[in-house]
Every structure is written in structure tokens, then in C-alpha cells.
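Below you'll find the structure, written out as C-alpha cells, and then a few comments.
Encoded structure:
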């Protein structure tokens, strides 16, 4: 017999018993408005769902080998990564998380700009806001479950941030750690959140979100001068569907399928080519040479917390997320009617542009992290110092020994937290330098009592010898310098 | 059994009291009243109600205040005279209450009393429980004296452990059964709260305190009997209660289902949440760090030791680190490695005599005070001691900077 016919018969038998084509068929084929120019903007939501499913599948695969013990998780991750397929699964899970963050962000921006949260879809937006929050929490806990040194310090930093909450801060911080310190119980707590609690909430919210999409219908593309009026909207929307609606499956859904498949393919290729983030050192609290950094999706927040004024920090850590959440809740409650088109809502464009700009800017700054001292800086080579001995050479040694170089650059060596001192001799007198060294500053410790007179003298001699003209050109730039000279600069 | 009475039962009582109370408030708000029967019978009510309410209010205050401020109460009661005066006052108020509740019960007893006609089975249960509560209270005051003092070290810690979701009945399980019955019946009163007219506690018209006064002028002399013409002319037709019918049955079933569902959810949910919230309280212990003479004076070195409660699966995370410096032959100081800004591990720069944080560049002087950068306060120090030539450190919680 023809295998296709057998399959068809099995399907008919199954469908006769379950009634799926009768009950779910009309839902799949429900009419949706024609979105002419903007039809490709409607794919981000379904792509987020597809990325979520990627996470569910790879997450289950990972959990089958991951050991939820503070002492063993790291070794089990090394084991997973050592197997070629395990490495790919980890890569897919990592890039799937990144894709989900990007896609849910794009979906939120699309819905906000098109005013799709207005009547009757306020609840669509609110459940979506919940899903955005859960996605961010998943990203955070997921980074922590990569239980290497970064994961360990992520738990500490999380507890410290929670500690800034008024009144309950200390309790909340230790609640997150499940004890007095990061220890055996800590990882299990975050594992339960990442694998059971948050996904259960997400499944629930996704179910409601999709139900609402069917119940209220996909929003039609906005048109300037066609405001939403709650009294007439539903009737108008249904007449629109009757006039020019197209069945969701497959006339509209094929774009979702195509875009979703591209997303999955991109995730897979990245997982193959780039691979999962490398595991750092083991999560040993006594290895103190650690420089905790968040994953890329929270890099901008890390930068934000570093650059805001010191006095505002205690407010921003707690109020920032609250204000963001409040904004998400108030958007559909306060603006439930009126114009939907972004052309008539210029503020929405401005808000999105500024949010995107701020995040992008802080993200770039966060990668450079100019506020972090470079504790791995090496002593200045003699080519930079210029002399092998004498007070200037001794001063260069003091400059390194006293930690100046971790924050100040000399001719391309050292940190960038403080001002570049490559030409300090041109800008400051010895007295000015001594004053600054003694008194310190907002971000510079005072060295009063820390320097012996001869150390200070040689340090000042070294700094005074830093001139613009003495700047030695690194070999890589010498060609460039010659070109510039040829152009008469 | 003790676990049920002193841990499970109080929570069940509280959950029901709050849950059903809210349900009743939002669905049957007009039943939030004392269902006064003053209209029907006035004289007994005056003597019963006034004694009862004044007595029980003051006694309740005397129960709640030391619970809220146990240390202040202990300070007040530390003096024998004050304790004696308080006990005596309490006993007097207790008798006052007993008198009140007896009158209140008695006025509903006679078959022909008008108050009896409006008394529901729930009222009888409530009256009996309240009577038991005040009688057992007076009994305790008489036979288990100085309760205001031992209350602070028995029931108060237990009640607070319930509030902290970390229930611990060990301070009350050893009490005489007589006293335990007083504690349990106290929660029975809480349980009865939303099902009876007790809810009127939350309907006190306190706005009476600031509303403009009203002058009541009688149209007639209230002492004169009401003329018969007036009564006949003002006969009000009371609405007859609807006969129990299908609709009532449905409503009853819905309520029953909601109640049963909530109780089931509470039975499963409360232990789960309590387990989640229960912090592992680790005892602080001293850990050896090495011979005192193996440390150079003036240099900070990293020391590592086991934290206070290592678990078999903790692995490397059971370890903790600190910066230890020998100040003088006998004096050591230990700093937490965690920056007070966001907890990153600070590093000691031996030549510069500074601690520096790699995250946001916080810098601390060698005594732990802030030198520069974002840290809001000095490095936390851990207790250290020298015993038999060995340096020991007290394991302490991860320092969390809170506002």
C-alpha cells in the first residue's frame, strides 16, 4: 500500500477521535487584516516564541547532564562542553537566549510604535510586559547557572543589588543566596527559578497572550487620522476583516515560518562557528583575581550603574527597574484610545530612539569599561621611560608599585580610569602634581603618608619628564606617522 | 500533635481569617457589623457590653504591646512593684470581662428573650469560645502567676517565629496544658473572626472622633411610654427572608467550592513557601587560619577557610576568603574580600598599601576606610582571635550593604 495513504488514514482516524481539525482548524485559519507595507513587521512576536521553544528543547537537553550542585555544576558543564554535540547544544542555548532578548525587544518596539496596545489589546500588552520581565530574569539566572567564576560573582552582585532595597534589603540578599554566604544551597535556588518557576510562568503567560491575540484579533496596520474609539472599534474591526481579511494560515503565517526558520538557522550557525561562551575559572570564592562582568545583554546596565553620580546610585538600583515596570504598565492604561500611527505620535518615536540610543551608548561604553582599573597592567618598559636608572627610572617604578598605572595611561600603557599622564610634564607643575597626589580626588586615593620623600621626588621627576614630544611611536603606527608627515601635518 | 496545634493551626486560622474576611468584605460588605440587638433589649446589654468591651480592649492592648515591644516590656516588668501592679490590674480587668460575658450570655438565654430570637448557632459558639478564653486567662492569672513576665519568653518568641515564617514552637510546647489551651483557643477566636459578628472590630466608626458633633433632640420625652397610635401608624413591613430555594443552594455550593479550594491550596502552598523562605540559620563558628607566627607584621595576606555551614555538595563554594593582616605580635585584623559597593573581590596592592576593586575602581586604605570611588562605606571586618598561638576567624555572613 501507498505509505502516504496509510499516513492519511492514520491522521483521519486520529482527527476523528480528537476533532482537532474541527476545533483548531478555524482558529488557525482565522482572518487577519491585510498588512501591506508593514507585513514583515509582524514576524517578531512569533519569532520570539520560536526562540523560546529553542530554549525549552535545548534547556531540557542540557538539564539531562547538568548537576545542580554548587560543587559539581562546573565540572558537569566542562563535561557537557567536552562532548561535541553538548558544545553545540550549549551554543544554541546561549545564542537562543540572545536571539530571544533581541526579538522580544524588537517586538515590544514594534507594538509600541504601531500603538497596537490600544483598545481592546491592553491585556495583550500587559501579558507581554510580564513576558519581557520574565525573559530578562531568565537571561540573568541563565548567566548565573553557567557556574564558573563569573556565575559565582553574579550571585554575589545580585544579592548586593537586592540589598539596596529599603528595610528588607539584607533579608532579601540572603534569601537570594539561600543562606549566609554563597554555598551549597545557592545554585539550587537559581536552578529552580530558571528551570521550573520562571518557565512555568512563561508558559502560562504565553498561553494567555496567544489566546488574547486570537480573541482580540491581530491589530491592523495603523493609519494616520484613523483614531481608535473603544465604542466602535470592535464593530469596525470585524467589518474590516469581512471586507479584506485573509486567513492567518497559511497566507500570513508563512512569513512567520520563514523568518522563524532564518532565526533558528542563524542561531545554529553561530553556535557552530562561534560556539558557547568559554567557561572561566571554577567558582572558587578564594580565587580573588576575578573581574566580574555581565553577559552582553546586561552590559549596558553595568555601565549605567558605573557612570551615574554616586549619590543617585541607591535610588537608581531600586527605583530604576520599578519605574521601567511602571512605565510598561501605564502605557496601555493611560493611552488606550486615540491615534495609533507613529506619525501622529511623535513622542513615541522620540522615546524609542532615546531608549535605543542610551542602551547602545552604554553598551559600547560598558565593553570598554573605562571605570575599571587595569589590574593586569605591566611595569612600563624602558623604551617608554627613556632611561635605565636615575630618579626618572625610579619614579617609573614608584608609578607602577603604588598602583598609579592601574588607572593612568602613560604612552598607551595602563588603565583609563584617570586622566592620561603621557604629557603630564607639559600640563602641570611639580607643585600642582604634588598637591593632587597628596589630596587625592573623588576617584583617586590620597597618598599622604604613603610616599617617602625620595619616592615622591622621583615620582615627580618621572612625571615631569613626560612630554608630548617624547611620545615614542609604536612600530605599527610609524608608517602612518610618515604619511602624515608627507601630508605636511 | 503539638506541631499541628502550634504551627499548622495558627497559619490555617490566619489564612482563613484573612481570606474569608476579605471575601466577606468584598462580597457581603453590609454584614461587616456587630448586628446590634440594642433595639430589642437595652438594659442587660448596657451592663454586659460596656464591661466586656472596656475590659477586653485593655486586656488585648496588654497582650499586643509586649508582643510588639518585648524588650521594652521586659525593661518595664524588671521591677517587682511594677509587675505586681500590672498583674493586679490585669486580674481586675479579667474579672470585669468575665462579668460582662456572663451578662451577655445570660441575656440571650431565656426562651422568651427577644435577643434569643436573633441568636444564631455561630453566636453561641463565639460566646462560648470567648467565655472560655477569658476564664482561662483569669485562671492563668490566678494559678500560674506572673504571666506578664513569662509571656515574653514563651508565647512571644513563638508568635514572632510564626510571623517570620520560620515557625518554632519549642518555647511553648513545655507549658502546662492549661496555658496551651489558652493559646490555642486564642487562634480559635482568630479563626471564628470572619464567620461571626466579630468582624465588627474592623467596622469601628472612628470617624466619629473628628466629625462635627450632633445635638440629638427628642421629639417626645423618651421616658414616656410610646403611645399606641404612634406604633400602629409606623408599623413597618419587614421583608420576609426568601425561602431556601435552588439559587441559594447554588450559591452555597459555589462558596463551598471556593472555600475548599482555598484551604487545599493553602495546605500545599504554605509549607512550600515557608520552605523557600526559611533561611538556613548557620551558627557562627571559629575556624583556624594557621600559626600566628607564620604571618608577617604589616602585610595583608589572603586566607581561606570553610564557611559556617558547608554542605556535602558545596565543593569549592564551601570556602570563604578574607584579607588578614598582623598588626602587632598579638593583634590581627581581617577584612571581607567583598567591596562594599557591589560585592566584587577587592585586591590588596602590597606596595601601595591599598585595597582596589576591579569592578568599578573602588579604593580602600589599609585600615579599610574608603579612599576613592563608589563604595559607600568601609570594608567589613570579621572577628579574629589568637588562641594557643593559632589565629582563628569567626565565620560571618556575606556582607551586604543595605541602605
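Residue numbers (the numbering used here), protein chains in the order written: chain A, -19 to 469; chain B, -11 to 391.
All C-beta atoms, glycine included, are put in the ideal place defined by N, C-alpha and C.
Coarse secondary structure for residue i, derived from DSSP in three states
i             : result
residue 102/A : helix
residue 382/B : strand
residue 393/A : strand
residue 366/B : coil
residue 37/A  : helix
residue 326/A : helix
residue -2/B  : helix
residue 147/A : coil
residue 309/B : strand
residue -11/B : coil
residue 7/B   : helix
residue 197/A : coil
residue 343/B : strand
residue 388/B : coil
residue 245/B : helix
residue 335/B : strand
residue 353/B : strand
residue 8/A   : helix
residue 52/A  : coil
residue 70/A  : helix
Residue closest to residue i, alpha-carbon to alpha-carbon, out of the options
i             : options                       : result
residue 191/A : 153/A, 274/A and 107/A        : 107/A
residue 89/A  : 387/A, 229/A, 14/A and 22/A   : 22/A
residue 97/A  : 145/A, -1/A, 312/A and -11/A  : 312/A
residue -7/B  : 170/B, 49/B, 53/B and 96/B    : 170/B
residue 90/B  : 112/B, 72/B and 75/B          : 112/B
residue 208/A : 407/A, 101/A, 405/A and 393/A : 101/A
residue 163/A : 222/A, 186/A and 131/A        : 131/A
residue 248/A : 49/A, 79/A and 51/A           : 79/A
residue 18/A  : 243/A, 336/A, 285/A and 93/A  : 93/A
residue 271/B : 239/B, -5/B, 297/B and 46/B   : 297/B
residue 172/A : 121/A, 141/A, 150/A and 219/A : 121/A
residue 310/B : 129/B, 280/B and 371/B        : 371/B
residue 343/B : 426/A, 71/A, 86/A and 241/A   : 426/A
residue 337/B : 321/A, 63/A, 274/A and 386/A  : 386/A
Status (buried if at least 16 other CB within 10 Å, exposed otherwise) for residue i
i             : result
residue 443/B : For chain B, the structure presents residues -11 to 391; residue 443/B sits outside this window and is missing.
residue 224/A : exposed
residue 447/A : exposed
residue 80/B  : exposed
residue 219/B : Interpretation of residue 219/B is limited by its pLDDT of 45, a score under 50 that renders its predicted location unreliable; the figure taken from the coordinates is listed afterwards. Looking at its Cβ environment, which holds fewer than 16 other Cβ atoms inside 10 Å, residue 219/B is exposed.
residue 354/B : buried
residue 21/B  : exposed
residue -1/A  : exposed
residue 325/B : buried
residue 363/B : buried
residue 380/B : buried
residue 108/B : exposed
residue 99/B  : exposed
* **Contacting positions in the segment 127 to 154 of chain B - beta carbon closer than 7 Å to chain A** => none
* Asked: If you measure beta-carbon to beta-carbon, which residues of the segment 294 to 319 of chain B are closer than 8 Å to chain A?
  -> 295, 296, 297, 298, 299, 300, 301, 302, 303, 304, 305, 306, 307, 308 and 309
* What are the residues of the segment 36 to 57 of chain B that lie near chain A, defined by any Cβ-Cβ distance shorter than 7 Å? -> none
* Indicate whether the contact test is met: 3 or more Cβ pairs, each with one atom in the segment 248 to 260 of chain A and one in the segment 123 to 130 of chain A, closer than 8 Å. => yes
* At least three beta-carbon pairs within less than 8 Å, the segment 273 to 285 of chain B to the segment 313 to 333 of chain B -> yes
* **Where the segment 369 to 402 of chain A meets chain B: residues whose CB sits under 8 Å from a CB there** => 381, 382, 383, 386, 387 and 397
* Compile a chain-ordered list of the residues in the segment 281 to 292 of chain B whose CB is closer than 7 Å to at least one CB of chain A. => 290 and 292
* Are the segment 67 to 86 of chain A and the segment 22 to 31 of chain A touching, with three or more C-beta to C-beta distances below 8 Å? -> yes
* Short-range partners of chain B found in the segment 169 to 186 of chain A, where Cβ spacing is below 9 Å -> 169 and 172
* Is it a yes or a no for the segment 347 to 361 of chain A touching the segment 393 to 401 of chain A, going by three-plus beta-carbon pairs under 8 Å? -> yes
* Quick one, which residues of the segment 364 to 380 of chain B are near chain A if we go by CB-CB under 8 Å, in chain order? -> 364
* Three or more C-beta pairs closer than 8 Å, one from the segment 327 to 338 of chain A and one from the segment 174 to 184 of chain A: is that the case here? -> no
* **Near-chain B residues of the segment 251 to 271 of chain A - C-beta to any C-beta below 8 Å** => 262, 263, 264, 265, 266, 268, 269, 270 and 271
* With contact counted as at least three CB pairs below 8 Å, one residue from each stretch, are the segment 108 to 118 of chain A and the segment 218 to 237 of chain A in contact? -> no
* Asked: Which of the residues in the segment 73 to 104 of chain B, read from start to end, lie with their CB under 7 Å from any CB of chain A?
  -> none
* Segment contact, 8 Å Cβ cut-off, at least three pairs: the segment 384 to 391 of chain B with the segment 152 to 168 of chain A -> yes
* Asked: Does the segment 294 to 308 of chain B touch the segment 51 to 68 of chain A, meaning 3 or more C-beta pairs lie closer than 8 Å?
  -> yes
* How about the segment 282 to 290 of chain A and the segment 67 to 75 of chain A: do they share at least three Cβ pairs that are nearer than 8 Å? -> no
* Compile a chain-ordered list of the residues in the segment 328 to 341 of chain B whose CB is closer than 7 Å to at least one CB of chain A. => 330, 331, 332, 333, 335, 337, 339, 340 and 341
* If contact means a Cβ-Cβ distance below 8 Å, which residues of the segment 284 to 307 of chain A contact chain B? -> 285, 286, 290, 293 and 294
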